[in-house]
């Protein structure tokens, strides 16, 4: 399934993770009959949303860093 579900990045999905674990704890036949599929789909959607948030914040951080680097290179070129 998903590697390392309980990390600091996935704190928004703890309830869904707990629900899936409860469902899995009901036994193999419960899982095999597809009774946990809804919980698993909810978890996948939640993790996807958390990953999207993380990617957006990383992307914004990179854009800020790039603009600072461009500004410094511009200053270096002007002073040369």
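Numbering (the working numbering), first residue to last: 12 to 91.
Ideal placement from N, C-alpha and C gives every residue a C-beta, glycine not left out.
Inter-residue Cα distance where the pair is residue i and residue j
i          : j          : result
residue 75 : residue 32 : 40 Å
residue 79 : residue 63 : 25 Å
residue 38 : residue 77 : 51 Å
residue 83 : residue 65 : 27 Å
residue 71 : residue 56 : 23 Å
Pair within 8 Å by beta-carbon distance, residue i and residue j
i          : j          : result
residue 54 : residue 73 : no
residue 34 : residue 58 : no
residue 61 : residue 21 : yes
Task: At least three beta-carbon pairs within less than 8 Å, the segment 81–90 to the segment 29–49 - done: The segment 81–90 is not in contact with the segment 29–49.
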